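Take a look at the structure below.
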Amino acid sequence: MNETLADYAARHGLRQSAARPPLPKYLKSVWARRNFIWAFASAKNVSKHSDSRLGQVWQVLTPLLNAAVYYLIFGLLLKLSRGVPDFIPFLVTGVFLFGFTQRSVTSGSKSVGDNLSLIRALHFPRATLPLAYAVVELQQLLVSLFVLFAIILAFGEPLSFYMLLFVPILLLQLMFNVGISMVMARLGAFNRDITQLLPFVMRTWLYASGVIFSLPQLMERSDLLKNHAWLGALLEANPAYVFLELSRYVLLGEYRGYVQSTLGVTSVTHLWLLAIGWCLVMLIGGFVYFYRAEERYGRG
Numbered sequence: 035m036n037e038t039l040a041d042y043a044a045r046h047g048l049r050q051s052a053a054r055p056p057l058p059k060y061l062k063s064v065w066a067r068r069n070f071i072w073a074f075a076s077a078k079n080v081s082k083h084s085d086s087r088l089g090q091v092w093q094v095l096t097p098l099l100n101a102a103v104y105y106l107i108f109g110l111l112l113k114l115s116r117g118v119p120d121f122i123p124f125l126v127t128g129v130f131l132f133g134f135t136q137r138s139v140t141s142g143s144k145s146v147g148d149n150l151s152l153i154r155a156l157h158f159p160r161a162t163l164p165l166a167y168a169v170v171e172l173q174q175l176l177v178s179l180f181v182l183f184a185i186i187l188a189f190g191e192p193l194s195f196y197m198l199l200f201v202p203i204l205l206l207q208l209m210f211n212v213g214i215s216m217v218m219a220r221l222g223a224f225n226r227d228i229t230q231l232l233p234f235v236m237r238t239w240l241y242a243s244g245v246i247f248s249l250p251q252l253m254e255r256s257d258l259l260k261n262h263a264w265l266g267a268l269l270e271a272n273p274a275y276v277f278l279e280l281s282r283y284v285l286l287g288e289y290r291g292y293v294q295s296t297l298g299v300t301s302v303t304h305l306w307l308l309a310i311g312w313c314l315v316m317l318i319g320g321f322v323y324f325y326r327a328e329e330r331y332g333r334g
């Protein structure tokens with residue numbers, strides 16, 4: 035008898051246990067596991083620094099130390115702080131929020147590869163893994179935001195209704211992070227070398243995203259950007275810069291006044307449109323991209 039296993043399965047009405055379901059059913063299945071996603075993320079978050087004496091304090095201490103190093107090198111030594119009001123809140127905001135995206139990218143790339151035993155043992159929608167890792171980073175950011183707001187208020191920034199706009203900005207960045215985490219999860223699942231390359235990519239992205247300098251100020255002073263408007267437009271379209279600049283604009287009143295009165299930037303509507311566009315493109319595109327390889331995760 036030369037019947038193949040595929041023919042035998044078809045003759046008896048058998049189907050692959052991990053077969054990819056239709057997209058609407060897949061989405062419903064992911065939503066049904068929302069409690070698992072949150073519980074899995076919380077467990078990961080608690081265990082993340084369990085082997086160190088300071089434990090969860092490192093969630094806040096790490097970005098603060100990074101901000102201190104950037105301030106020493108770029109603020110004091112290279113004088114990039116010149117002209118930017120409240121440079122320390124400006125810098126800390128950039129470091130904290132870029133770190134949110136940076137960690138989502140890095141952890142997303144490992145979310146499938148680090149959980150192969152779970153994938154091979156249980157049948158569940160694999161998208162729950164990069165989603166859970168994105169929630170881990172959100173939980174860490176929420177802790178860090180208490181420190182961020184404490185620094186902002188300590189430097190004399192008054193509370194204002196503008197700050198309420200930070201909530202939709204954060205939601206847009208979260209959705210963008212989920213999407214890019216999905217993309218990196220698929221790439222990292224089939225090519226583990228990606229994780230070795232990511233530190234260099236992320237460092238380049240950091241320097242191009244205005245974390246340590248004001249892009250509107252740079253565009254005002256740089257002859258290169260004045261003579262090559264397309265380069266400035268490209269830097270402005272950078273999604274990480276979009277979320278950082280919008281956050282600074284609504285959280286830091288002195289910086290907002292500086293870019294409006296001194297640099298002549300009277301509207302950030304284009305940044306809002308870019309933020310919404312990046313959010314939708316990355317969230318939908320990233321989810322579909324990850325979903326299309328659902329049957330291949332955990333094989334080999």
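Residue numbers for the sequence shown follow the working numbering, beginning at 35 and rising by one. Yeah, the Cβ is synthetic: ideal placement off N, Cα and C, and Gly gets one too. Bear in mind the structure is a predicted one, so any value in this text is a computation, not a measurement.
Residue i versus residue j: straight-line alpha-carbon distance, rounded
| i | j | result |
| --- | --- | --- |
| L48 | R54 | Unreliable placement is indicated for L48, whose pLDDT of 48 sits below 50; the coordinate value is still reported in the next sentence. Cα to Cα, the separation comes out at about 14 angstroms. |
| S248 | L98 | 19 angstroms |
| M253 | S281 | 19 angstroms |
| H262 | G147 | 42 angstroms |
| A271 | V126 | 22 angstroms |
| V293 | V64 | 43 angstroms |
| V8 | M218 | Lying before the first or after the last residue shown, residue 8 is absent from the chain, which here runs from 35 to 334. |
| L61 | T303 | 32 angstroms |
| Y196 | V284 | 5 angstroms |
| R226 | P192 | 47 angstroms |
| I185 | V201 | 18 angstroms |
| W306 | R67 | 31 angstroms |
| L231 | S256 | 31 angstroms |
| I153 | L286 | 44 angstroms |
| R220 | A155 | 19 angstroms |
| P233 | F134 | 15 angstroms |
| P58 | Y325 | 11 angstroms |
| V181 | L208 | 19 angstroms |
| V245 | W239 | 10 angstroms |
| H157 | L150 | 12 angstroms |
| L268 | A168 | 27 angstroms |
| P56 | S301 | 43 angstroms |
Coarse secondary structure for residue i, derived from DSSP in three states
| i | result |
| --- | --- |
| V339 | No answer is possible for residue 339: the residues shown for the chain start at 35 and end at 334. |
| P192 | coil |
| L48 | Its pLDDT being 48, under 50, L48 is placed unreliably by the model, and nothing is read from it. |
| D120 | coil |
| H262 | coil |
| R160 | coil |
| D227 | coil |
| F130 | helix |
| I318 | helix |
| L297 | coil |
| L286 | coil |
| P97 | helix |
| G291 | helix |
| V103 | helix |
| V302 | coil |
| R326 | coil |
| Y331 | coil |
| P55 | coil |
| P79 | According to the sequence provided, residue 79 is Asn. The question's Pro does not apply to it. The answer is helix: DSSP assigns N79 an H, G or I state. |
| R137 | helix |
| R67 | coil |
| L280 | helix |
Assumed close pair residue i, residue j - CB separation to whole angstroms, cut-off 8 angstroms
| i | j | result |
| --- | --- | --- |
| V212 | L317 | 6 angstroms |
| L278 | S243 | 6 angstroms |
| M236 | V139 | 7 angstroms |
| A166 | A101 | About 27 angstroms; that fails the 8 angstroms criterion. |
| N79 | Q174 | 7 angstroms |
| L164 | S145 | First, the amino acid is wrong: residue 164 is Pro here, not Leu. Confirmed, about 5 angstroms. |
| A26 | M216 | Outside the displayed range of the chain (35 to 334) lies residue 26, so it cannot be described from this structure. |
| G222 | S143 | 3 angstroms |
| Y105 | I122 | 6 angstroms |
| P250 | L204 | Rounded, the Cβ-Cβ distance is 22 angstroms, inconsistent with contact. |
| Y124 | Y241 | Sequence check: residue 124 is Phe here, not Tyr. 16 angstroms between Cβ atoms; not a contact. |
Distance cut-off 8 angstroms: residue i Cβ against heavy atoms of the ligand GTP
| i | result |
| --- | --- |
| L182 | Summarising the ligand content, the structure contains no ligands, and the ligand GTP is consequently not present. |
- Message: List, from N- to C-terminal side, the alpha helix (DSSP H) runs of 4 residues or more that fit wholly inside the stretch 194-257.
- Response: 200-224, 228-241 and 249-255
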